[in-house]
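Top to bottom, those sequences are chains A and B.
Just so we're aligned, residue 1 is where the first sequence starts under the working numbering, counting upward by one.
Just so we're aligned, residue 450 is where the second sequence starts under the working numbering, counting upward by one.
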Amino acid sequence: MKKTPFCPTSEQDQQKMFETLGISDYDELFEAIPDDLKLGELNIPEGLSEMEMMQHIRKIAAKNSTDLVNFCGAGFYDHYIPAAVNALSSRGEFYTAYTPYQPEASQGTLQAAFEYQTAICRLTGMEVANASLFDGGTALIEGIMMALRQTRRNKVLVDEGVNPIYREMLRCYTQNLSVDYEEVKLSPTGIAHRKAYREVLDDSVGAVVLQNPNFFGCLDNLTELIDEIHEVKALAILSVYPMALSHIETPGAMGADIVTGEGQSLGLPLNFGGPYLGFMATRKKLVRKMPGRIVGETEDNQGRRGYVLTLQAREQHIRREKATSNICSNVQLCALRAIIYLSLIGREGFREVGRDCMDRASYAWHKLTKIDGVEPAFNRRFFNEFAVRLPKDAAEVVSALVDQGIAAGFPVGRYYPEMDNVLLLSFTEKRTKEEIDIMVAKLESALKA
Amino acid sequence: MKTIYEKSSPGRPGVQMSSLKISATEEIPSKYLRSEPAGLPEVSEAEVVRHFTALSRMNFSVDTHFYPLGSCTMKYNPKACEAAANLPQLTDVHPLWPQLRGGGMLTQGSLAVLYNTERLLSEATGLDEFTLQPMAGAHGELTGVMIMAAYHKDQGNPDKDHIIIPDSAHGTNPASAQVAGYKVVTIPSDEKGVMDFDLFMEALNEKTAGVMLTSPNTLGVFNPRIKAICDAVHEVDGLMYYDGANFNAIMGRYRPGDMGFDICHLNLHKSFATPHGGGGPGSGPVGVVDKLRPYLPISRVEKTKDGTFSLNYDAPKSIGYIAPFYGNFGMISRAYAYILSLGRDGMLGTSNRAVLNANYLQEKLRPLFNAEYKGRCMHEFVYSGDVLKQYGVHTLDIAKGMIDRGIHPPTVYFPLNVSEAIMVEPTETEDLDTLDRFVEVMEELFELAKTDSDQLHKAPVTTPVGRLDEVKAARDMRLTVE
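Shown next, in the form of structure tokens:
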């Protein structure tokens with residue numbers, strides 16, 4: 001008998017089980033299946049021992065460069081993660097559990113999700129949040145579908161300041177879902193173009209998607225624009241960067257109807273693109289239209305407080321093709337990391353981290369814009385990220401600095417072809433003054449070269 | 450237990466976060482700023498650690514309990530796969546680095562993991578090409594159906610308007626088909642538990658875009674006419690979609706590609722041992738036959754002649770961007786470590802033992818459920834709890850009684866086409882002692898149903914809370930700490 005990794009069945013056990021079943025080999029278990037379907041041998045290498053597997057992965061992992069000094073953000077940020085986040089979220093009781101369909105055996109997961117939902121509401125100034133969605137992009141799509149269901153309209157306006165990676169995703173999904181998709185150009189100052197919206201807002205529009213701070217880092221107060229969106233009875237969807245909510249005005253106070261975002265900054269590693277954390281919050285009156293799992297507080301048969309998955313009549317396992325979304329899972333472990341992170345740094349720590357990010361960005365902005373030929377791309381306020389116009393192709397400049405161990409930012413020309421010279425730089429609490437000074441100096445010499 | 454917010458006290462510091470100050474040169478005007486700080490907890494680090502440790506102890510999990518949850522494949526999640534995926538050289542990589550000019554060389558390791566995993570999954574499923582981008586099984590289904598739609602459109606077949614799905618399918622199948630714009634035609638199961646072949650043939654026509662099948666299906670039954678179904682669907686230029694949720698039953702023995710399927714998604718969090726995380730993150734890679742390659746999502750990882758890896762964004766017929774980047778990399782790297790550990794023999798050994806364990810339990814429990822022999826099951830089986838009704842006991846009561854005996858209940862009330870369904874999937878990572886103990890507990894609970902059903906109605910009593918009032922939760926809608 002060949003041993004199979006992670007399988008405890010001994011020769012003796014196997015024999016006993018075969019006897020119980022009256023069989024003499026495994027093939028007999030599969031007799032109902034036509035023989036001609038049976039496979040020969042897979043062209044897959046032989047199994048590795050744990051040590052060999054680890055050696056193999058270490059060798060592959062070593063081909064990545066991780067000592068880069070990173071100023072590249074563009075929606076995905078390199079924040080510090082306190083050690084306790086990993087320690088707690090890697091408890092097997094959390095990460096090897098399944099969806100809490102048996103609430104009495106899952107109160108840990110459920111209460112953590114309830115506390116997470118609370119945190120998302122308090123960050124965004126909204127009334128209800130779900131227990132998470134795949135990522136910020138899919139959360140935005142779900143938000144649009146939710147708004148169109150609610151307004152029974154088919155048209156969505158998407159601001160050009162929304163992360164272009166998400167706009168690629170929105171185009172992909174809306175095209176397949178026969179939604180009328182239209183983008184609205186940025187204003188010359190880099191924010192939502194009030195006049196352009198006035199021209200296109202009418203009663204065919206079901207949803208308007210905005211982002212604050214937007215892709216270029218520009219801050220805005222969208223209260224009046226959202227009022228205008230409400231005048232045509234459309235819903236305003238706002239995509240936000242949660243770390244910015246340590247300081248900036250909340251979507252709730254600005255009147256947003258649906259808020260989504262990428263929660264990666266809240267204690268999740270960059271991990272080459274995932275798993276991430278899509279969050280979604282809305283107003284109480286829209287909760288029955290919201291997709292995804294939702295945890296609610298209730299009582300047990302003795303009047304003790306407890307938590308359950310609630311409002312499940314919206315979901316696919318009950319409603320099948322009539323569900324609010326095809327989504328089954330959330331990203332509970334990522335949501336758990338976020339609530340642990342937010343609890344660890346707390347009310348004051350969250351303000352401090354946000355402050356550190358802003359101060360570093362502000363410091364760098366003044367240094368960079370002093371360089372000859374470097375201009376602010378937009379004359380606006382920013383949180384931790386801003387765009388500058390270089391006298392040269394930004395992709396080339398970044399390439400020159402990559403060779404010197406610095407990811408100097410994201411050249412936006414890839415997504416905005418008329419902006420080949422524009423570089424988007426982001427700053428987190430991890431970047432030191434020295435690193436910023438070196439980056440600025442190297443960028444300056446790359447511009448002269 | 451108190452919430453973390455109820456443990457908060459003003460001014461109590463958490464983890465020291467603030468680093469060296471750099472003085473800002475100017476302040477942001479107040480019209481952009483929030484008036485009050487967000488109401489996050491103010492708790493010490495030690496208290497946070499105690500709080501979440503205490504919460505974790507209120508959970509059942511694979512690491513602490515037998516978890517024979519049907520249709521979920523709650524196998525053991527090897528610690529070495531966690532360790533491999535948590536290497537900082539893999540976790541601390543920004544997904545946009547490959548988009549910087551010359552940046553591809555910064556992420557050769559991550560790209561190699563993606564490329565190698567795609568190749569291994571292609572071989573394991575018999576399909577030509579894989580995308581790892583879908584972030585969960587349902588997301589993979591949606592991706593697969595979108596590929597289906599793109600193919601028919603490209604073939605000049607816009608009249609295809611429906612997808613055929615058996616009634617035993619996971620709810621995500623019809624939901625995904627509907628979200629992608631297709632009508633759903635549901636086919637009932639026959640007395641053997643597989644899609645009724647005659648009704649299926651009646652429903653199939655030129656307007657059929659495709660068929661979504663799980664095989665073995667959610668009843669744990671493999672459809673013996675799978676090839677005939679595939680042939681009939683191909684006859685009308687429809688596509689066969691394989692829901693790989695139950696791939697653990699056939700891994701290393703049969704391949705969806707060999708059966709005639711055109712598209713397949715796998716759940717890495719089931720067959721490939723990545724942890725369920727209390728409800729995600731998952732990962733739902735999608736494989737396709739060669740003719741569907743042009744429609745796969747952007748981007749594709751490619752291996753160049755010199756052995757380096759690069760990303761290709763040039764795919765005019767692609768369905769586009771279904772994910773921001775390359776999928777749930779952290780889950781993919783875990784699955785990669787797992788596949789390397791199993792190797793070719795381990796794959797077959799895994800499905801063999803998963804099916805053996807399920808058949809053993811099915812056999813041992815048959816007398817209790819008074820079930821007639823309907824042949825072997827695959828990796829899971831379904832019994833009806835109807836036999837207990839005479840004692841006023843329901844499947845739910847058995848499930849709750851099981852919790853008191855330290856076993857996570859099987860899936861209950863699914864699939865929907867079996868009354869009082871109880872669905873058991875032991876997986877291959879459980880030993881005979883655990884299986885025998887499960888049988889003993891089930892026997893004990895059946896005995897209790899006859900002698901003291903009230904005790905079962907009150908269960909569970911050993912958990913932090915007893916049965917919860919779900920109606921009250923939906924009515925009160927207390928969805929946040931007030």
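Where is the CB? At the ideal position from N, CA and C, for every residue including glycine.
Rounded C-alpha distance that separates residue i from residue j
{"i": "L662(B)", "j": "V735(B)", "result": "14 Å"}
{"i": "L539(B)", "j": "N64(A)", "result": "7 Å"}
{"i": "G263(A)", "j": "R802(B)", "result": "40 Å"}
{"i": "G143(A)", "j": "R825(B)", "result": "45 Å"}
{"i": "I120(A)", "j": "G47(A)", "result": "44 Å"}
{"i": "E812(B)", "j": "C72(A)", "result": "58 Å"}
{"i": "T99(A)", "j": "P291(A)", "result": "16 Å"}
{"i": "I613(B)", "j": "V634(B)", "result": "5 Å"}
{"i": "I237(A)", "j": "T580(B)", "result": "30 Å"}
{"i": "A112(A)", "j": "A652(B)", "result": "46 Å"}
{"i": "T522(B)", "j": "K719(B)", "result": "5 Å"}
{"i": "K907(B)", "j": "G915(B)", "result": "8 Å"}
{"i": "L591(B)", "j": "V738(B)", "result": "17 Å"}
{"i": "A377(A)", "j": "I371(A)", "result": "14 Å"}
{"i": "D437(A)", "j": "E52(A)", "result": "43 Å"}
{"i": "Q302(A)", "j": "D918(B)", "result": "10 Å"}
{"i": "M126(A)", "j": "Q627(B)", "result": "30 Å"}
{"i": "E655(B)", "j": "S510(B)", "result": "47 Å"}
Whether residue i touches residue j by CB criterion (8 Å)
{"i": "P103(A)", "j": "G306(A)", "result": "yes"}
{"i": "T860(B)", "j": "M872(B)", "result": "yes"}
{"i": "F94(A)", "j": "S505(B)", "result": "yes"}
{"i": "A573(B)", "j": "A786(B)", "result": "no"}
{"i": "I226(A)", "j": "G255(A)", "result": "yes"}
{"i": "P445(B)", "j": "D135(A)", "result": "Nothing in the structure corresponds to residue 445(B), since chain B is present only between 450 and 931."}
{"i": "I165(A)", "j": "G75(A)", "result": "yes"}
Inter-residue CB distance, residue i and residue j (contact presumed, cutoff 8 Å)
{"i": "G586(B)", "j": "H725(B)", "result": "Between H725(B) and G586(B) the Cβ distance is about 11 Å, and since that is not below 8 Å, they are no contact."}
{"i": "S520(B)", "j": "E829(B)", "result": "7 Å"}
{"i": "T667(B)", "j": "P864(B)", "result": "4 Å"}
{"i": "R167(A)", "j": "V158(A)", "result": "6 Å"}
{"i": "M689(B)", "j": "G709(B)", "result": "6 Å"}
{"i": "L648(B)", "j": "P665(B)", "result": "Between P665(B) and L648(B) the Cβ distance is about 20 Å, and since that is not below 8 Å, they are no contact."}
{"i": "H56(A)", "j": "L482(B)", "result": "Contact doesn't hold; Cβ gap of about 50 Å is too wide."}
{"i": "I345(A)", "j": "V804(B)", "result": "Contact doesn't hold; Cβ gap of about 48 Å is too wide."}
{"i": "N384(A)", "j": "F427(A)", "result": "5 Å"}
{"i": "I596(B)", "j": "I747(B)", "result": "About 13 Å separates the two Cβ atoms, so there is no contact after all."}
{"i": "N508(B)", "j": "T109(A)", "result": "6 Å"}
{"i": "S89(A)", "j": "F279(A)", "result": "Between F279(A) and S89(A) the Cβ distance is about 17 Å, and since that is not below 8 Å, they are no contact."}
N- and C-terminal bounds of the beta strand (DSSP E) containing residue i
{"i": "N301(A)", "result": "Run containing N301(A): none; DSSP gives neither H nor E here."}
{"i": "V397(A)", "result": "Counting along the chain, V397(A) falls outside any beta strand (DSSP E), though it belongs to the alpha helix (DSSP H) covering 394-402."}
{"i": "D159(A)", "result": "155-159"}
{"i": "I258(A)", "result": "258-262"}
{"i": "Q332(A)", "result": "Note, Q332(A): premise wrong, no beta strand (DSSP E); alpha helix (DSSP H) at 332-368."}
{"i": "H714(B)", "result": "712-715"}
{"i": "T635(B)", "result": "632-636"}
{"i": "A113(A)", "result": "Run containing A113(A): none in the beta strand (DSSP E); it sits in the alpha helix (DSSP H), 107-124."}
{"i": "K752(B)", "result": "749-752"}
Range of the contiguous alpha helix (DSSP H) that encloses residue i
{"i": "G798(B)", "result": "778-818"}
{"i": "A618(B)", "result": "From DSSP, A618(B) is part of no alpha helix (DSSP H); its letter is neither H nor E."}
{"i": "A192(A)", "result": "Here A192(A) belongs to no alpha helix (DSSP H), and DSSP marks it neither H nor E."}
At a CB distance below 8 Å, what residues from the segment 209-222 of chain A approach chain B? Give them in sequence order. L219, D220, N221
Below 8 Å between beta carbons is the criterion; list the residues of the segment 389-400 of chain A that meet it against any residue of chain B, in chain order. A395, E396, V398, S399
Can you pull out the residues from the segment 108-125 of chain A whose beta carbon lies closer than 9 Å to at least one beta carbon of chain B? G108, T109, L110, Q111, A112, A113, F114, E115, Q117, T118, A119, I120, C121, R122, L123, T124, G125
Which of the residues in the segment 243-267 of chain A, read from start to end, lie with their CB under 9 Å from any CB of chain B? L245, S246, H247, I248, E249, T250, A253, E262
When you check each C-beta in the segment 284-312 of chain A against every C-beta of chain B, which residues fall closer than 9 Å? K284, V287, R293, I294, V295, G296, E297, T298, E299, D300, N301, Q302, R304, R305, G306, Y307, V308, L309, T310, L311, Q312
Would you list, in chain order, the members of the segment 32-56 of chain A that have their beta-carbon closer than 7 Å to a beta-carbon of chain B? A32, I33, P34, L37, K38, L39, E41, L42, N43, I44, P45, E46, G47, L48, E50, M53, M54, H56
Closer than 8 Å, Cβ to any Cβ of chain A: which residues of the segment 779-796 of chain B, in chain order? G779, M780, S782, Y785, A786, I788, L789, S790, L791, G792, R793, D794, G795, M796
Relative to chain B, which residues along the segment 161-184 of chain A have a C-beta separation below 8 Å, given in chain order? I165, Y166, E168, M169, R171, C172, Y173, Q175, N176, L177, S178
Interface positions of the segment 756-775 of chain B facing chain A (Cβ-Cβ less than 8 Å), listed along the chain: I768, G769, Y770, I771, A772, P773, F774, Y775
According to a CB-to-CB cut-off of less than 7 Å, which residues of the segment 406-417 of chain A neighbour chain B? A407, F410, R414
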